[in-house]
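Read top to bottom, the protein sequences are chains V and E.
Taking the numbering used here, the leading residue of the first sequence gets 1, the next gets one more, and so forth.
Taking the numbering used here, the leading residue of the second sequence gets 1001, the next gets one more, and so forth.
Using N, Cα and C, we set each Cβ at its ideal position, and we do this for glycine too.
Please read all numbers here as calculations on a predicted model, not as lab measurements.
One structure is given here, and the rest of the page talks about it.
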Amino acid sequence: MTEYEIRYPDWRRFHVREWWLYRELFWFLAWRDIKVKYKQTLLGIGWAILQPLALMILFSLFWKWVIHVNTGVPYPVFVYSGLILWGLFASGVGNASNSMVDQANLIKKVYFPRIIVPTAAILVSLLDFFIALFLYLALLVFYNVRVSIPTFFIFSAICLLIVLVSTLGCGLFLAAVNIRYRDVRHAIPFLLQLLFFATPVIFPLSVVKSETLALFLSLNPMAAAIHLARVAISIEAINWQLTAMGLASSFLLLMIGLVVFNRNEIDCADIL
Amino acid sequence: MKPILEIKSISKKYAIHKNQPRYRTLRDSLAACFRDRQGMQEFWALDNLSFNIFPGEKWGIIGENGAGKTTLLKILAKITPPTKGSILVRGRVASLLEVGTGFHPELTGRENIFLNGAILGLSRREILNRFDQIVDFAEIETFLDTPVKHYSTGMWARLAFSVAAHLDPDILLIDEVLSVGDADFQSKSLGKMNEVSRQGRTILFVSHNMAAVRQLCTHCVWISKGKIKLISAPDEVIDAYCSSNESNEQGFAESASFAHRRGSQDVCLQRIELRNQHGEMTGVYAIGDDLHIHLFIEPSATLKKVRIIVSIFESNGDCVCTMYDNDSGFSLRDISGPRHVSLNMADLRLCPGQYRIDVELLSEIFHYQYDAYDIIESCIVFKMVNKSAINRGLKRHWGLLYLTPEWTIHE
């Protein structure tokens, strides 16, 4: 017989075992969101490819006619690698931060560990990412980019780790803040846009000449992640300092996100 | 035997913002830093509640609107935490706070069964085991693979209830869900509830339907303003609740005390008074008395016409009558200032008990469409008593009306 006590929870405690017990609901919610997302759309999952593809074409034209810096590989490959990672981060953070408000009806009526909601929202973005990844692999083949398989897998894995950890961190933090302050909903598209240009997505970090600016940019874990993606296809030499900083800052973000979320989820059913 | 639920000094505090939505914008918060916290009001929805529930008991939870009944269920369902105190739970809790939670219109019936089951705490295997029963109960076999957005309201409700009804918990929390669906399905639902209760499961049932509480429950608790007023057998508690007359013997109520109100407020009911044949304001009437209902109405704009509907409900929640102004050939036109309207009912023949009055002020009804100006549920209550002239004990379940027709023998 299950026996437990209901009382005001201690926000410093993380109920990891309970998260595990509710893993099935986590999958169900993610499955529902994925299923519903492309219902009644003509292109279906084609949208997952179309968005980064269109941006890639746009930036490639811009790059060809306006600026020109040697990127080591054809520019479309270069920019696409950054665009899909940024896409994962941006849509993951966006989905997660609105998730608690969107699921208010559910949260106000049923109990489950609330952390499931923003986490499942990120999973939807992850699926889109994997679909867009196919085009990336096709581009590598098409442009005949030479990669060493072990290098590719090792650095891609670290890269993805950093992206997911920082997406989760930012997403949890913003989802928690959004419970109390609906400003978040309006601020996010705008903040992401700003951050996009402060991240070396469409340009290599090497074009930044100022040391201080480069250091500032490298505080952003996405800078490290995108750098690693380009290390994986051997067009940038590994920068260990940037990688270490990326790992450290992404996990710091995750810790902050977890704590803030845990603190704010307690009364969320009363506030939402 | 150990109690299945040990409720120990539970309190729940809400901070309410005066005239503010419950969520804030950052600007509001920043502004609040500089103001003192006058705008905040503490409100104890539950105040130091303690009682134990043993396995197999069926508890009815009754009380006025806003007494804290639903808050108690929400705490038991872990949706919101108690501010103070604790509850020891020995068993699996499932709640029917609202059926159909998490249903998605784009998903098919089959998909929604799995999703809803998962949300309500069933594992995939448990849902698979019950799948056929759920589908049978909901009678939706042919539409199993149709998105629920194409379902009729009735089908939707049946499916939602049947998932919830097959949860198999040790403790079931119910908050007035019996009103779902058509009459046939309702009786099926009641049957399911009785079946669940016969299996020795524990039920907590929040309701305004006193008849259902009497029928279903073995114990009853009456909560008033967040505190326990009385715990005992259902008949005793319900009788005490129904005859409670804290503020209703005075025979009037004012706008400020209307708790359940909606509408555009283009016209407002400011005050309601109940008077007897002697013109005395009172909330207690004997059978055969006259009841005069006085309505004081105030418009905030000039309106061509206001429809008035007055309904009387008995305390079990059943409607006794609904009186439309135009049924009596009355109508209220061209209103620009306050109006005083009265309805006079002579020779009131309701059986002893407590009754409530609802008032609706609407625009002209045209093709079933109208604007709601002011709709107030339970604006006032009154009590019917058995004065000595009638020398037998009258119980409400013997009927609603006490009639003394003319009896004649025909040779």
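Interface with chain V (7 Å Cβ-Cβ cutoff): E/Arg1090 is included. By the rule that beta-carbons nearer than 7 Å mark a contact, E/Gly1200 does not touch chain V. Residues are counted here when their Cβ sits less than 7 Å from a Cβ of chain E; for the stretch 27 to 52 of chain V these are Phe28, Arg32, Lys35, Val36, Lys39, given in chain order. Under the Cβ distance rule, E/Ile1087 counts among the residues neighbouring chain V, one pair being separated by less than 7 Å.
Residue-level contact check: E/Pro1081 touches chain V, since one or more beta carbons of chain V fall below 7 Å from its beta carbon. The C-alpha of E/Phe1103 lies about 16 Å from the C-alpha of V/Phe26. For E/Trp1407, there is no enclosing beta strand (DSSP E), as DSSP gives it neither H nor E. Assigned with DSSP and collapsed to three states, V/Glu265 falls in helix. In the three-state reduction of the DSSP assignment, E/Cys1242 falls in the helix class, which pools H, G and I. Counting C-beta pairs with one atom in each stretch, the stretch 225 to 239 of chain V and the stretch 77 to 90 of chain V have three or more that are closer than 8 Å, which means they touch. Here E/Arg1201 carries a coil assignment [DSSP, helix/strand/coil].
In the assembly as shown, V/Ala157 is an exposed residue. Its beta-carbon has fewer than 16 other beta-carbons within 10 Å. Only residues of its own chain outside the window of five on either side were considered, and among them Pro1234, Asp1235, Ile1238 have a CB closer than 7 Å to the CB of E/Arg1214, listed in chain order. Around the beta-carbon of V/Leu213, fewer than 16 other beta-carbon atoms lie within 10 Å, marking it exposed.
The beta carbon of E/Asn1048 sits closer than 6 Å to the beta carbons of Ser1009, Ser1011 from its chain, once the five residues preceding and following it are set aside; these are given in chain order.
Here the alpha carbons of E/Asp1290 and E/Lys1305 stand approximately 28 Å from one another.
Chain-ordered, the chain V residues with CB closer than 8 Å to the CB of E/Lys1078 read Ile6, Tyr111. The beta carbon of V/Tyr38 lies closer than 8 Å to those of Gly44, Ile45, Trp47 in the same chain, with the five residues before and after it left out.
Cβ-Cβ separation between E/Leu1173 and E/Val1093: approximately 7 Å, consistent with a contact (criterion under 8 Å).
Against E/Phe1114, the close residues of chain V are Phe28, in the order they occur along the chain (beta-carbon pairs closer than 8 Å). The beta-carbon of E/Thr1101 is placed less than 7 Å from the nearest beta-carbon of chain V. Inter-residue distance for E/Lys1149 and E/Glu1106 is about 6 Å (C-alpha atoms, whole angstroms).
Restricted to the stretch 1147 to 1178 of chain E, the beta strand (DSSP E) segments that are unbroken, complete and at least 3 residues in length are 1171 to 1175, listed in chain order. Apart from sequence neighbours up to five positions away, the residues of its chain that approach V/Pro189 with a beta-carbon distance below 8 Å are Gly94, ordered along the chain. Put simply, the stretch 243 to 261 of chain V does not touch the stretch 1056 to 1069 of chain E. Fewer than three CB pairs are less than 8 Å apart. Residue contact check for V/Pro189 against chain E: no CB pair falls below 7 Å. Close partners of E/His1166 in chain V (Cβ separation under 9 Å) are lacking, with about 16 Å as the shortest Cβ gap.
The beta-carbon distance between V/Phe89 and V/Ser166, rounded to whole angstroms, is 7 Å. This is short enough to meet the 8 Å contact definition. Within chain V, the residues placing a beta-carbon under 9 Å from that of E/Ser1123 are Glu24, ordered along the chain. Leaving aside the five residues that flank V/Leu127 on each side, the residues in its chain whose CB is nearer than 7 Å to its CB run, in chain order, Ile34. The beta carbon of E/Gly1121 sits closer than 6 Å to none of the beta carbons in its chain outside the five residues before and after it.
Close partners of E/Leu1348 in chain V (Cβ separation under 7 Å) are lacking, with about 42 Å as the shortest Cβ gap.
Taking every protein chain shown into account, the CB of V/Pro76 has 16 or more other CB atoms within 10 angstroms, so this residue is buried.
Taking a Cβ-Cβ cut-off of 7 Å, E/Tyr1368 has no neighbours in chain V, whose nearest Cβ is about 29 Å from it.
Runs of the alpha helix (DSSP H) lying entirely within the stretch 1051 to 1132 of chain E, each at least 4 residues long, are 1069 to 1076, 1109 to 1119 in chain order. Sorting E/Lys1192, E/His1219, E/Val1135, E/Asn1052 by C-alpha distance to the C-alpha of E/Met1001 places E/Asn1052 at the top.
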